[in-house]
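The sequence shown begins at 1 in the numbering used here and counts up one residue at a time.
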Amino acid sequence: MSSKHSILKNVQHALNKNTITKAEAHYEQPYSNQQSDLIQQYKTLQEANRAKVYDVADLDSSLAEVFRDLDSQRILWTQNLPCQKIDGFDYLDYDKSVEELREELFDTDTSIIEAICGVANLGIVGLRSDVRSPRLASLITPRCVILLHKNNIVSSIYDGIQKLKDTQDKALPTNMIFVAGPSRTADIELQTVFGVHGPQAVSVVLFG
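In structure tokens:
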């Protein structure tokens, strides 16, 4: 028996003898909510975080406008999107490993991904990485388009984490990111610079 199996066997034996008491999670809003409309609150705060928000009636027909506004040329297309590709743009399907696509990935200027949730009282989106939407998709391109269904907008980050957990058998995903807007940092002179660690521009498309 390997050391790994021995350790796991001992852990299982200990769990059988000592039941772990499950603690119920709880959360209280630290400040009063000034807006009853979650969608409007989300839009206001997401725009305050320097992301451009589109509220669209038809997702497929609206993407062309979003891509034109970003001056998109070649789009990194993840594999779990609720929309179709729009004619007139060049696409790279993110359906292989980084090693296989390394050269092409850096030739894309815009990525498009779907968010699991939006958090209204912070103006942020929650992303979950998996094989259909790798974590690099939200980081590698200068511009990023994030699709968000309005039904997935929640009031607080606690609710957002529950939403992310619900997508993987009530367990946290291996990689979870909350995005407020464009990547930003400051140099020694406190000058804000966008796009150092991620996209320079972020557009959120609300649909549904």
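Positions of the beta carbon are idealized from the N, C-alpha and C atoms, including for glycine.
In the three-state scheme derived from DSSP, where H, G and I count as helix and E and B as strand, K52 is classed as strand. Rounded to whole angstroms, the separation of the alpha carbons of E65 and V205 is 11 angstroms. Distance from the CA atom of D166 to the CA atom of S138, rounded to whole angstroms, is 21 angstroms.
Each residue's CA atom was taken as its position, placing N80 and S6 some 39 angstroms apart.
Between V202 and A51, the CB-CB gap stays under 8 angstroms. Between T110 and R143, the C-beta spacing is below 8 angstroms. Per DSSP, reduced to three states, the secondary structure at S203 is strand.
For D130, the three-state secondary structure derived from DSSP is strand.
Per the coordinates, the alpha-carbon of Y94 lies some 36 angstroms from the alpha-carbon of L190. Here N151 has G208 as same chain residues with Cβ atoms under 8 angstroms from its own Cβ, once five neighbours each way along the sequence are excluded. If you look at E104, you'll find it in the alpha helix (DSSP H) that goes V98 to L105.
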